[in-house]
Amino acid sequence: MRKFLRQHRGLHIWLGVNVAALILFYALRDVRGVMNFWVFSVALPIRRAMGWVTGWVPFSVAEILVFALVLLVLGLFVREIVRMRRRGRDKTPVRRGLYRIVASLLAIVLTAYAGLSVLYGVNFYADNFQERSGIHAQGGGSVEDLERVTLLFAEGLNRTAPLVPRDEAGVFDAPIRQIFDESLSAMAGFNAEFPFLAMPDRRPKALLISPFMAMTDYVGFYFPFTGEANVNVLAPRSQVPAIVLHEFAHQRGIASENEANFVAILAGVLSDNPLFAYSAYQMGYSYLSNALHRADPERFWAIHETLSEYVLADLADIRAYHDRKNQVAQRVTNAANDRMLRGYGEESGVRSYGEVVDLLIVWF
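Following this line, the structure appears as structure tokens:
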């Protein structure tokens, strides 16, 4: 046994460090003072520093790291198989080789999970946006309040729709480059309203795996290890500005999806940039109108009929995009995202995205 432990000492230390980090995380995650200190004094500054470093690179470093990790796992597997074949039929080397494969894979998974937990998962247990801003979702708002705010967003859509570039079919058609360039100043109004979240924004990153993401419900993700806001550039173009703002919210330490949606919507509405204002009104209207349709279909259709042809063209473009998705890939990725959110205490899982409605009713 001692010989076995010595032969795999490095691997066991690697596993032990990750297990210790996760035990510490789970033991302290409900201690608010510790979480606040770690998030605001350690994790968030590290992520922002990484965002500054990777901001100088024009491509997604996150994407490269994921690809490199896949190659590392494949290389590990191939190396151990080759070693076992060279040693012939001796069962002991074969067992050791299999052990190294399994233990190394486990160590890689634990490293990723432990890193995600201490850099980003901790945000779910620190003071959230509602506690820091004083804007609290009340829940149980009246249908009249829901109708009022939905109408407000429909009017905002109609007002800003003619101000954005459109193609021959009347669909939102601002270039990705323009959206990314102008995103660097899109949060200015929000930063002035909530200075405790103000920070320099870094240019979002276009993903090479956008064709794969287009088969799922993923339209972007924030990668805490590099501090980058990554965007699926094949998502409906009218949604991209709001997607960028959503990922910018995560960069500011906002973990819950309903709060990130609220920040994205409010930031766009407060912006004087029509690209981001229109996209934010669209995001807000989608959640509000869905909630109103469930509560009172007649009131929903009465508001829906007031939408301009431009707005309807963009909504049709979004429906067409969703119709092209792969149902299996969609279910698998949604399940993974749901499990991750619930694992960090987000009881509603992926449904939490739609809980932004309560915050919108309170603010507007």
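Note that our numbering has the sequence shown beginning at 639, numbered continuously upward.
A virtual CB, placed ideally from N, CA and C, is assigned to each residue, including glycine.
Note that this is a predicted model, so its numbers are computed, not measured.
Proximity test, Cβ basis, 7 Å: residue i and chain D
i, result
"ALA826", "Of the protein chains in this structure there is only one, and it is not chain D."
Cβ-based burial, residue i [other Cβ within 10 Å; buried from 16]
i, result
"ALA799", "buried"
"LEU795", "buried"
"GLU718", "buried"
"HIS888", "buried"
"THR944", "exposed"
"GLY827", "buried"
"ILE702", "exposed"
"HIS884", "buried"
"SER755", "buried"
"VAL988", "Residue placement at VAL988 cannot be trusted, given a pLDDT of 41 that sits under 50; the coordinates are not used to answer."
"ASP952", "buried"
"ARG685", "buried"
Within 7 Å, strictly: CB atoms of residue i and residue j
i, j, result
"PHE886", "VAL994", "no"
"ARG840", "GLY689", "yes"
"ASN868", "SER742", "no"
"ILE941", "ALA700", "no"
"ILE999", "ASP811", "no"
"THR749", "GLU866", "no"
"PRO912", "VAL802", "yes"
"ALA902", "LEU872", "no"
"ALA933", "VAL695", "no"
"VAL882", "PRO842", "yes"
"THR788", "LEU926", "yes"
"SER876", "GLN816", "no"
Residue i, enclosing beta strand (DSSP E) - first and last residue
i, result
"GLY858", "858-861"
Residues that DSSP places opposite residue i in a beta bridge
i, result
"ASN868", "LYS843 and PHE859"
"ARG804", "PHE810"
Residue interval of the alpha helix (DSSP H) (run including residue i)
i, result
"PHE832", "Per DSSP, PHE832 belongs to no alpha helix (DSSP H) and is neither H nor E."
"THR692", "682-692"
"HIS774", "Per DSSP, HIS774 belongs to no alpha helix (DSSP H) and is neither H nor E."
"ALA905", "895-908"
Alpha-carbon to alpha-carbon, residue j and residue i
i, j, result
"VAL720", "ILE956", "49 Å"
"LEU997", "GLU769", "13 Å"
"GLU806", "ARG667", "53 Å"
"ALA658", "TRP652", "10 Å"
"PRO813", "LEU707", "32 Å"
"GLY891", "PRO862", "10 Å"
"ALA918", "VAL677", "28 Å"
"HIS650", "LEU744", "11 Å"
"TYR664", "VAL672", "12 Å"
"GLU820", "ARG733", "57 Å"
"TYR751", "GLY648", "19 Å"
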